[in-house]
């Protein structure tokens, strides 16, 4: 295909690279605009499936066709068939829940899309002789891409200029640096660990290797969420009860000879009561609100449930550079060692950096400081990597190296140099050694016979917000550990300056093997750590039962970020770190972390309360349904025993004590530290309340049966209509008592919410219960059926049940506080 030839659109499913004429641009020229247009028309671009954002179809499907929604559709259909329209109000609540869920999902989708545009991976593409910073999706086949330390390979390609070290651990699982020279193949999903190079895109989009393993190579790992696990387990158990009780209820209705209308109303009332249809919705809404709030603070949330995990952490691991410090630094001093005063330090350092094409923060700082030095001619260079801790170049037939002193000098000897270095390290400064050796240097081999020439002292800039943020975690019971590739003495001093507790307990992993460290908890600062050792430290903490969060910004943090329970990347960090993290601080504001923890605590603590509201009704409906199922089997056939309530009898409970109340409870601030397991806390709150309401309501129907046995002239004679009314009033009153206890202790927000819900419940009950017109009796109760005796019984029953519940709940709270 010649440039300028008319090109037809090619579907991706029809793409065959062997049928495509290829371009061979020079590394410093790249494709021209006409060639780019040709590739775009051919659909040979690097566009990928959008990750992290729900599609419109997914939002519609999850909101419309959840398991319980489908059950409710079936129940509504059955009620319509028997023309029991008065019991269909729950459909309105269902539609409201679905609508709110969709609104929140679409809002969260829009927020994530906007934030991902801000955080979109950018690549340096050479076109028409110019360097352009574009999105990785803008790459077309045969584009020339420039990469440096920390960049992620965005498309499979062939190196056409330069040498780079790449980490393919996200593709192969092996944390090894592989050096790629001209002609070597690079794979999308790997990360550059050293050097600078240009490569030509050989495969793009779905044809690239990384796309076949996208979930492993380019996206974050889904965090282990107790919230998600708990709600899935609860729904499985509830679903089993709903299906089983539904089937047996149909059989019982047939056995008892109930009419079709009565059977449908009874079974519908039983099943609708069991289904916590808004529970999953409220959970998603609560977390979605957190995503939106954090988005306003420039925090990209790749996975909603990671908000929860950060709230549960026991240990926060930091990489000093880019987190405690802001990544900027300056050369504060150059010390020429005795006997080498005539050494041209600046010229040698600048030559090494230019020869290696290193582009990390340290190299950039050195190059900026020595920019005016005249460079020399280098014949061989080894770029810096985080594993070898040095870089070097051959200049005038001598090998000059720069890096960490302990990586370049023998363990014995050079005592004076090490003492001088120690003085700077104790002040929190970084020290690089410039040395020379007659030996040939090799990749990943410690150079021998290095003669120290000079020390270059570098000062990091500590973030202004670091001290306050570290103090916040300390006050909230979270241990902070610093995992760094720098010297532990220097890191320890910086940690002390920002208030890290026990900062003086440090270990140098260049002289101590990590596998020989008995307990990682004994140390706060880990220095001279290799990338794979960062991962091992995180795993060791997790194996000891700790929930670990990891913050990093560089390619050397990727392995640790991947295994952490919650991983956080700095927005200005490498694409490698951002690509595998659950959260990204787009503005690099370390002070945002407490806000993220607060959002997690708000979500978990409030959901424990709101889940309890939903499950009280579920416990009530399941228990009462089982009681009536057993009763229908034990009593004489044809006696007409059935579950006494219809869906409309639960409207006040569902609307005021659960639906509206849970929404407002989920939004309130709650910074209390998360304690206990979610399921245990929810069951402790919901089970006693649900059972007490069951026994109180069932007592009404026992009185009705007793009154029928005594005779119609007895004061205890209670009609079925009066019994249902008394039962509905009892469940509604006790549900508000449960809401009262879950809202305790009150603040202005919760007090106003509770008063509003109480007045709403009272008004709706009185309005519906006193009106004689059938169209307005939408609760299915009749207050006029109650006389003074029945009212007195109701008052005593409700006060007694409420007192028992409050005493049990108070005892459980006291026990939890002691624990």
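Numbering (our numbering), first residue to last: 5 to 823. Where a beta carbon is used, it is the ideal one built from N, C-alpha and C, also for glycine.
1. Out of 236, 485, 816 and 209, which has the shortest C-alpha to C-alpha gap to residue 746?
2. Residue range of the beta strand (DSSP E) that residue 197 falls in?
3. Across which residues does DSSP place residue 384 in a beta bridge pair?
4. Looking only at C-alpha atoms, which of 258, 298 and 43 sits nearest to residue 145?
5. Assign residue 643 to buried or exposed, taking buried as 16 or more other Cβ atoms, counted over all protein chains shown, within 10 Å of its Cβ.
6. Per the contact definition of three or more C-beta pairs closer than 8 Å, is the region 757-773 in contact with the region 687-702?
7. May I have the straight-line CA-CA distance separating residue 9 from residue 150, to the nearest angstrom?
8. Are there 16 or more other CB atoms within 10 angstroms of the CB of residue 327, so buried, or fewer, so exposed?
9. What's the call for residue 23, buried or exposed, on a 16-neighbour Cβ count within 10 Å?
10. Figure out for me which residue from 544, 813, 571 and 28 has the closest Cα to the Cα of residue 203.
11. Does the region 471-484 come within contact of the region 408-415, defined as at least 3 CB pairs closer than 8 Å?
12. For residue 488, which three-state DSSP category applies?
13. So what's residue 437 in DSSP terms, helix, strand or just coil?
14. Residue 757: which of 695, 801 and 665 sits nearest, CA to CA?
15. Do residue 607 and residue 807 have their beta-carbon atoms positioned less than 9 Å apart in this structure?
16. Which first and last residues belong to the alpha helix (DSSP H) in which residue 475 is found?
17. Leaving out five residues before and five after residue 697 in sequence, what residues of the same chain have Cβ atoms less than 6 Å from its Cβ?
18. Using 9 Å as the threshold, is the C-beta distance between residue 276 and residue 79 below it?
19. Skipping 5 residues on each side, what residues in its chain have a beta carbon closer than 6 Å to that of residue 512?
20. Decide if residue 233 is buried, meaning its Cβ has at least 16 other Cβ atoms within 10 Å, or exposed.
21. Could you say which of 428, 155, 163 and 399 lies nearest to residue 30 if we only look at CA atoms?
22. Please report the distance separating the alpha-carbon of residue 562 from that of residue 306.
23. Who pairs with residue 458 in a beta bridge, going by DSSP?
24. With DSSP run on the structure shown, which of helix, strand or coil describes residue 302?
25. Among 96, 617, 595 and 92, whose alpha-carbon lies nearest the alpha-carbon of residue 668?
26. With C-beta atoms as the reference, is residue 406 less than 9 Å away from residue 384?
27. Measuring alpha carbon to alpha carbon, tell me which of 369, 509 and 360 ends up nearest residue 487.
28. Which whole-angstrom value describes the C-beta separation of residue 610 and residue 544, a residue pair presumed to lie in contact below a C-beta threshold of 8 Å?
29. Use the C-beta contact count for residue 38: other C-beta atoms within 10 angstroms, 16 or more gives buried, fewer gives exposed.
30. Taking the straight line between their C-alpha atoms, what separation do you get for residue 444 and residue 505?
31. Among residues of its own chain, excluding the 5 on either side of residue 605, which ones have a beta-carbon nearer than 8 Å to its beta-carbon?
32. DSSP on residue 33, reduced to helix/strand/coil?
33. Within 8 Å, do at least three Cβ pairs link the region 282-297 to the region 564-575?
34. Would you report the Cα separation of residue 653 and residue 231, rounded to the nearest angstrom?
35. In this structure, does DSSP put residue 122 in helix, strand or coil?
36. In three-state terms, what does DSSP make of residue 219?
With the given structure in hand:
1. 816
2. Its beta strand (DSSP E) spans residues 195-207.
3. 398
4. 43
5. exposed
6. Contact between the region 687-702 and the region 757-773 is not established, with fewer than three Cβ pairs separated by less than 8 Å.
7. Legend: pLDDT at residue 9 = 39, less than 50; position of this residue unreliable, value from coordinates given subsequently. Approximately 28 Å, taken between the alpha carbons.
8. buried
9. exposed
10. Comparing Cα-Cα distances from residue 203 to each of 544, 813, 571 and 28, the minimum goes to 28.
11. no
12. coil
13. strand
14. 665
15. no
16. 470-479
17. 624, 735 and 738
18. yes
19. 492, 531 and 532
20. exposed
21. Answer by Cα proximity: 163.
22. Taking C-alpha positions only, residue 562 is separated from residue 306 by approximately 16 Å.
23. Bridge partners of residue 458: 340 and 438.
24. coil
25. Here the closest residue by C-alpha is 617.
26. Not a contact, by the Cβ cut-off of 9 Å.
27. Residue 509 is the option with its Cα nearest to residue 487.
28. Not a contact, Cβ separation roughly 33 Å.
29. exposed
30. Roughly 44 Å separates the two Cα atoms.
31. 315, 674, 675, 676, 677 and 678
32. coil
33. No contact exists between the region 564-575 and the region 282-297.
34. 31 Å
35. Note on residue 122: pLDDT 45, under 50, position unreliable in the model; no value is reported.
36. In this predicted model, residue 219 has a pLDDT of only 36, less than 50, meaning its place in the structure is not dependable enough to derive any value.
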